[in-house]
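Line by line, the protein sequences give chains U and G. For the first sequence, counting from 1, position 208 maps to 208 in the UniProt record's numbering; every step adds exactly one. For the second sequence, counting from 1, position 135 maps to 135 in the UniProt record's numbering; every step adds exactly one. Written out below as structure tokens is the structure these notes cover.
2 protein chains.
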Amino acid sequence: MSNTGWLKIVGLGPGSEALITPEASSALEQATDAVGYVPYVERVAPRPGLTRHGSDNREEIRRAEQALAMAAEGRRVAVVSSGDPGVFAMGAAVFEALEAGEPAWRALDIQVLPGVSAMLAASARLGAPLGHDFCCLNLSDNLKPWALIEKRLRLAAEADFAMAFYNPRSRSRPEGFARALAVLREACGEARPIMFARAVATPEESVRVTTLGEATPEMADMRTLVMVGSSLTRRIAGAQREWVYTPRSVPSSGAAS
Amino acid sequence: MSNTGWLKIVGLGPGSEALITPEASSALEQATDAVGYVPYVERVAPRPGLTRHGSDNREEIRRAEQALAMAAEGRRVAVVSSGDPGVFAMGAAVFEALEAGEPAWRALDIQVLPGVSAMLAASARLGAPLGHDFCCLNLSDNLKPWALIEKRLRLAAEADFAMAFYNPRSRSRPEGFARALAVLREACGEARPIMFARAVATPEESVRVTTLGEATPEMADMRTLVMVGSSLTRRIAGAQREWVYTPRSVPSSGAAS
């Protein structure tokens with residue numbers, strides 16, 4: 001095995017160049033290969049000496065194995081994810097492939113380079129809705145049974161967490177998000193704020209604040225990050241726009257306790 | 001009120017220059033004033049035309065009011081936080097001050113610039129321990145009653161979330177973290193992985209992986225981000241080091257369901 005190969009699992013941030021860390025940019029400049037889901041690989045500028053390997057959405061493990069094998073051959077491989085690689089992205093897939101794969105891969109020089117996650121970018125656009133204790137769930141039932149999603153939603157509501165949801169609504173299973181909204185309405189009440197942040201930090205960005213009572217499944221698509229407030233989350237009408245934040249502290253007599 | 005003043009709530013990332021976004025750097029270059037907790041304000045390089053206003057840790061609301069008042073006077077104000085401003089940082093404090101303060105402040109040009117949070121940086125150093133559903137709690141009982149912290153820990157364990165903890169151990173109340181460890185041991189078992197990531201992305205960085213059974217309160221201090229795995233979290237022995245990750249999927253027969 002070459003000593004010069006490496007594998008960096010790189011977070012590209014939510015979309016804008018202005019949100020890519022210098023550490024990530026530098027890794028992309030040094031890489032011989034960029035590996036990832038097609039639209040993310042296309043965010044890496046082409047240049048001589050760089051091969052871009054785009055693959056389909058459902059190919060995470062095969063893609064991770066390909067990346068590890070190339071690094072073992074001495075190549076400098078950037079596995080790219082949107083947002084942060086550790087949040088519902090390629091980080092876990094690479095380590096899954098590492099654990100199950102060639103023993104020699106464990107000697108590779110591997111680094112994870114964090115990025116601004118979609119959740120943090122969406123939260124920033126709205127104010128500070130995750131400003132106190134929160135949880136973050138992937139609502140896709142490709143990856144776990146629906147019963148577990150529902151259980152987690154109910155426990156998160158009981159804990160009075162603010163919540164952030166990735167993958168709220170897949171094309172193949174649109175009914176899942178309608179069920180999630182019904183569970184949340186029952187557990188948190190109709191008045192609770194819900195936020196839809198679509199394609200944040202891209203030209204298609206849009207955000208909307210409403211209540212669980214007014215929310216409909218069509219407000220989310222595959223590019224939407226959804227957030228639900230805790231019982232203490234506040235909406236503030238600004239002169240031009242509305243802000244949403246969750247206070248830093250819970251009074252001893254707070255609704256949450 | 002001047003039209004040219006603004007307030008940007010800026011995430012400086014966990015410590016290293018290489019993790020500050022270009023958007024944040026650009027805001028700091030344009031600001032006339034940087035406002036924040038002393039060690040964070042000191043991370044903004046001094047230059048002519050910039051006044052740095054450092055204040056104490058417990059001064060968040062007064063600091064936020066000062067920043068809003070300066071922006072209302074037409075100054076370009078950067079309120080700086082370590083990590084991301086929306087996660088247990090100045091974002092919520094500024095919106096709290098905005099809601100309670102001068103009505104004219106609501107017309108100000110306010111933006112939140114997200115950053116790489118300590119949680120994401122710590123997770124990256126360890127592999128991908130937050131690679132599936134997780135929650136994030138502030139363990140400081142300055143801000144909420146201990147009973148609520150304990151309730152949230154028990155519900156998070158029941159939901160089988162991976163967990164990230166900010167402020168695990170304050171100088172004034174060191175016993176809180178010992179109680180949290182006892183609750184987690186009871187709810188998750190002695191074998192569950194726990195990770196201590198101290199001062200990540202600074203020269204003092206150190207990380208340690210152990211189990212709840214082996215963990216002691218002294219392993220954390222005020223600069224430590226603590227993470228606990230879910231029931232599915234895996235430890236992989238590498239050639240030089242250990243990785244920790246939480247798989248992306250939960251089998252239908254998984255321990256979590």
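By construction, the Cβ of each residue, glycine as well, lies at the ideal position given by its N, Cα and C atoms.
Beta-carbon gap between residue i and residue j smaller than 8 Å
i	j	result
M119/U	V80/U	no
S230/G	F177/G	no
R208/U	F196/U	yes
D133/G	C136/U	yes
P14/U	S123/U	no
G189/G	L225/G	no
N167/U	M222/U	yes
A104/G	A64/G	no
A78/G	L148/G	no
E42/G	A93/G	no
Y37/G	G91/U	no
R75/U	D33/U	yes
residue 261/G	G115/U	The question about residue 261/G has no answer, for chain G in this structure spans 1 to 257.
I110/U	E99/G	no
A24/G	L7/G	no
G238/U	R106/G	yes
Test: residue i CB closer than 8 Å to a CB of chain G
i	result
K144/U	yes
F177/U	no
S252/U	yes
V112/U	yes
L148/U	yes
R152/U	yes
E99/U	yes
S257/U	Here the model assigns S257/U a pLDDT of 39, short of 50, so the residue's position is not dependable, and the following value carries that caveat. Yes, S257/U counts as interfacial toward chain G.
A31/U	no
A124/U	yes
Closer than 8 Å to chain U by CB, residue i
i	result
Y245/G	yes
E96/G	yes
T233/G	no
M1/G	With a pLDDT of 45 at M1/G, under the threshold of 50, the predicted position of this residue should be treated as unreliable, and no value is reported.
R248/G	yes
N57/G	no
G54/G	no
S170/G	no
S82/G	no
A128/G	yes
M222/G	no
Nearest-angstrom beta carbon gap, residue j and residue i [assumed within contact, 8 Å]
i	j	result
L68/G	L108/G	7 Å
M163/G	V250/G	About 16 Å separates the two Cβ atoms, so there is no contact after all.
A156/U	L19/U	With 8 Å as the limit, A156/U and L19/U do not qualify as a contact, their Cβ atoms being about 27 Å apart.
W243/G	L113/G	Actually they are not in contact, since the Cβ atoms of W243/G and L113/G sit about 31 Å apart, beyond 8 Å.
P247/U	E96/G	6 Å
P217/U	P174/U	7 Å
A159/U	R152/G	5 Å
T233/G	T21/U	T233/G to T21/U, Cβ: 26 Å. No contact.
Contact list for residue i against chain U, beta-carbon separation under 7 Å
i	result
G131/G	G86, G91, A92
residue 259/G	Chain G is shown only over 1 to 257; residue 259/G falls outside these bounds and no answer can be derived.
A45/G	By Cβ distance, chain U contributes nothing, its closest Cβ being about 15 Å from A45/G, past 7 Å.
R121/G	According to the sequence provided, residue 121/G is Ala. The question's Arg does not apply to it. Simply P114.
Chain-ordered chain B contacts of residue i [CB-CB under 9 Å]
i	result
L7/U	Given the protein chain composition of this structure (U and G), no chain B is represented.
Chain-ordered neighbours of residue i on chain G, where CB pairs are closer than 8 Å
i	result
T21/U	G13, A18, L19, I20, T21, V116
G229/U	Here the premise fails: no neighbours, minimum Cβ distance about 12 Å.
Contacts of residue i in chain G (Cβ-Cβ under 9 Å)
i	result
A34/U	Going along chain G, no residue has its Cβ under 9 Å from A34/U, so there is no contact; the nearest lies around 18 Å.
N138/U	H132, D133, R248
Listed by chain order, chain U residues near residue i by CB distance under 8 Å
i	result
A107/G	G238, A239, Q240
| Along the segment 181-199 of chain G, what residues have a CB closer than 9 Å to any CB found in chain U? | The segment 181-199 of chain G vs chain U, Cβ under 9 Å: nothing.
| message | Along the segment 64-79 of chain U, where does the CB come closer than 7 Å to a CB of chain G? Name the residues. | response | Taking 7 Å as the cut-off between beta carbons, none of the residues of the segment 64-79 of chain U comes near chain G.
| If you measure beta-carbon to beta-carbon, which residues of the segment 206-217 of chain G are closer than 8 Å to chain U? | Listed in sequence order: no entries.
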